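S.K.: Take the sequence shown: its position 27, counted from the start at 1, is 27 in UniProt numbering, and no numbers get skipped. Each residue gets a CB set at the ideal place from its N, CA and C atoms; glycine is no exception. All values reported here derive from a predicted model rather than from experimental measurement.
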Amino acid sequence: MSFKSSGPKTRPDPVKPRQPSLPTDSIPQPPTWATQGQSKSRRSSTSSTSSSDSFHSARFDPLEESAMIASSHSLKAQANTQFAKQDYTQAISTYDRALAELPNYLDYEMAVLQSNIAACHLKLEQWKSAVQSCEKGLQGLERELPTAPKKTEKGMKSKKTKQTNKSQAKAGGLNSDTESEDEPSAPIPPQTDDQVVELDSSADEADMLAKLNLSDQRKADIHRIRTKLLLRRARARSSLPFAKAKDPAQNDTAKSRFNPDFVSTWSSLSSALADYQLLSTPPYFNTLPPSDQKTVRQALVSLPPQVEKAKEHEVGEMMGKLKDLGNGILKPFGLSTDMFKVQQGEGGGYSLNFDAGGGGKK
1 MSFKSSGPKT RPDPVKPRQP SLPTDSIPQP PTWATQGQSK SRRSSTSSTS
51 SSDSFHSARF DPLEESAMIA SSHSLKAQAN TQFAKQDYTQ AISTYDRALA
101 ELPNYLDYEM AVLQSNIAAC HLKLEQWKSA VQSCEKGLQG LERELPTAPK
151 KTEKGMKSKK TKQTNKSQAK AGGLNSDTES EDEPSAPIPP QTDDQVVELD
201 SSADEADMLA KLNLSDQRKA DIHRIRTKLL LRRARARSSL PFAKAKDPAQ
251 NDTAKSRFNP DFVSTWSSLS SALADYQLLS TPPYFNTLPP SDQKTVRQAL
301 VSLPPQVEKA KEHEVGEMMG KLKDLGNGIL KPFGLSTDMF KVQQGEGGGY
351 SLNFDAGGGG KK
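#1: To the nearest angstrom, how far is the alpha carbon of Asp221 from that of Ser93?
#2: Determine the direct distance from the alpha carbon of Lys331 to that of Met339, and round the result to whole angstroms.
#3: Pull up the DSSP beta-bridge partners for Leu352, would you.
#4: Are the CB atoms of Ser351 and Val342 nearer to each other than 9 Å?
#5: What's the call for Ile329, buried or exposed, on a 16-neighbour Cβ count within 10 Å?
#6: Go through the segment 249-330 residue by residue and report every complete run of the beta strand (DSSP E) that reaches 3 residues or more, in order.
#7: Alpha carbon to alpha carbon, how far is Val307 from Arg224?
#8: Within 10 angstroms of the Cβ of His121, are there 16 or more other Cβ atoms? Answer buried if so, exposed if not.
#9: Take Ser45 and list the residues in its own chain whose beta-carbon comes closer than 6 Å to its own, dropping the five residues that flank it on each side.
#10: Leaving aside the five residues before and after Gln90 along the sequence, list all residues of the same chain whose C-beta is less than 7 Å from its C-beta, in chain order.
#11: Assuming the contact rule is C-beta atoms closer than 8 Å, Ala234 and Asp292 should be a hit. Round their C-beta distance to whole Å, please.
#12: So, are the CB atoms of Glu144 and Ala111 less than 9 Å apart?
#13: Return helix, strand or coil for Lys85, following the three-state DSSP convention.
#14: When burial is assigned at 16 or more other CB atoms within 10 Å of the CB, is Arg297 buried or exposed?
#15: When the distance is taken between beta carbons, is Ala236 closer than 9 Å to Val131?
#16: Where does Thr178 sit, in a helix, a strand or coil, going by DSSP?
#17: Residue range of the alpha helix (DSSP H) that Glu109 falls in?
#18: Consult DSSP for Gly347 and reduce its assignment to one of helix, strand or coil.
#19: Can you give the Cα-Cα distance for Trp127 and Ser66, rounded to whole angstroms?
#20: Do you know how far the Cα of Lys228 is from the Cα of Ser267?
#21: Cutting at 7 Å between CB atoms, please list the residues of its own chain near Asp355, excluding the five before and the five after it.
#22: Measuring straight from C-alpha to C-alpha, what distance separates Gly347 and Leu322?
#23: Does Leu102 pass the burial test, meaning 16 or more other C-beta atoms within 10 Å, or should it be called exposed?
#24: Indicate whether Arg97 and Leu63 have their beta-carbon atoms separated by less than 9 Å.
#25: Which residues in the same chain have their Cβ closer than 7 Å to the Cβ of Lys219, if we skip the five residues on either side of it in sequence?
#26: Do Ser129 and Arg232 have their beta-carbon atoms positioned less than 9 Å apart in this structure?
#27: Can you check whether the CB of Arg226 is closer than 9 Å to the CB of Leu141?
#28: What's the call for Gly137, buried or exposed, on a 16-neighbour Cβ count within 10 Å?
#29: Check Thr147 in the structure and name its three-state DSSP category.
#30: Run the CB neighbour count on Gln195, radius 10 Å, all protein chains shown included, and call it buried at 16 or more, exposed below.
#31: Along the chain, where does the alpha helix (DSSP H) containing Asp61 start, and where does it finish?
#32: Are the CB atoms of Leu288 and Leu278 nearer to each other than 9 Å?
#33: Closest to residue 423 by CA distance: which of Ser239, Asn286, Lys85 and Pro290 is it?
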C-alpha cells in the first residue's frame, strides 16, 4: 500500500445529519384506526336507532297477528278473573304474559294491559311500580294518538328562516349570506271538515293516513284509557311520600333516605299535582264520573300545602347538610358557619359579615 506524498492535503467535510421535515400541520392528527372507530360507532348508533324504530314498525302476517291477539285476550281474561278474586300478584304475572303475546306495535292494546297492571300495583300499595306501568301505557298511547302535533325538521327550518328574514327586514334588508324570499308567503286558510288534508312530503304518509283513519270510537277509547292512566299515576305519585318500602321497585330509593321506612319526595307530590291539574281541564274533567271528579277537586285543595311542606322540609334538610359540611371544613381553623351572617341590604343585595363571637355560644 502506498500513499501519495505530493499535493495539497485536504480533510473531507463532515457529514451533516438530515434535518427532519417540518409537519404541515402543527396539530397532531389521530391515528386512522381511531377515526375509523369513531365513524363505526356513529354508524352503529345510527343503525341501532333505526333498527329499534323498524322493530317497532315491523308487522306480522295478518293470520299470525290474529292468533297472537287471541292468545293475549285469553290470558287477559284469566288475569281479570284473578283480579276479581283479589289475587293481584298472580294477576300481574298473567297480564305480563298477555303483554308478551301481543305484537309491540299494538300500542293501544298494550296500554290497556299496562293500565290493568297499574291497578294491581295500586291494590298492593306498590306505588312506584304503578307509576312505571302508567308511564309505559301513556307512552304507547302517545304513539297511537299524540296529544301534541310533532314538529317536522322541515317545518322547524322554514319557521326559523321566516323569523330570520323578518328580523333582517326590520334591520334594513336581507343579509347576502341568507336566502331571500322573492314573494311573501300567502296566509294559510283555516282548515274545515270539508277541506282536503294535504300531507307534508317530509312526514311519514303511512302514519299520517293511519291517524286520519282512526274512527271516533277508537279515539274515544284511547282518551278513556289515557284518562285512567293519568288518574292511577296521580294517585300513585300522591301516595309515594307515605309509602313504606314494600315495593321492590322503590327499595333502592328507600334505603337512600335517612328514614328507611319512607320515600318522602317533594318531586312526587309536585308531579301528582301536575297530573290532577291536567285532569281538571275540560277535555278530561268532563268525561270523568262524579266520584273521580270529586277526587280531582279534593286533590287540588289538599296537595298544594303538602307540596309546600315537603319543599320546606327537603330544602331545610339540604341546608343542614351544607352547614355540617361547612363546619367540618372550618373546624380545623377554629371557625364555624355560625360566625358568618348573611344580611340583606336596603337595595335588595346581600352582604356576608363575620362575627368572631358567633360560634362561642352553644
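M.R.: From the atom records:
#1: 25 Å
#2: 12 Å
#3: Val342
#4: Yes; because the gap between Cβ atoms is below 9 Å, this pair is in contact.
#5: exposed
#6: none
#7: 28 Å
#8: buried
#9: Any reading at Ser45 must be qualified, since the residue scores a pLDDT of 46, below 50, and its modelled position is unreliable; no value is offered.
#10: Gln82
#11: With 8 Å as the limit, Ala234 and Asp292 do not qualify as a contact, their Cβ atoms being about 10 Å apart.
#12: yes
#13: In the structure shown, Lys85 sits in coil (DSSP, three-state: anything other than H, G, I, E or B).
#14: exposed
#15: With respect to the 9 Å criterion, Val131 and Ala236 are classified as neighbours on the basis of their beta carbons.
#16: With a pLDDT of only 36 at Thr178, under 50, the local geometry of the prediction cannot be trusted, and the value read off the model is given with reservation. In this structure, DSSP gives Thr178 a state outside helix and strand, which the three-state scheme calls coil.
#17: Asp107 to Lys123
#18: coil
#19: Going by C-alpha positions, Trp127 is about 34 Å away from Ser66.
#20: C-alpha separation (whole angstroms): 22 Å.
#21: Met339 and Lys341
#22: 27 Å
#23: buried
#24: no
#25: Leu145
#26: no
#27: yes
#28: Classification of Gly137: buried, given that the 10 Å Cβ count is 16 or more.
#29: coil
#30: In this predicted model, Gln195 has a pLDDT of only 46, less than 50, meaning its place in the structure is not dependable enough to derive any value.
#31: Taken as a continuous stretch (DSSP letters only), Asp61 belongs to no alpha helix (DSSP H), as it is neither H nor E.
#32: Their beta carbons are not under 9 Å apart, which means Leu288 does not touch Leu278 by this criterion.
#33: Given a span of 1 to 362 for the chain in the structure shown, any question on residue 423 remains unanswerable.
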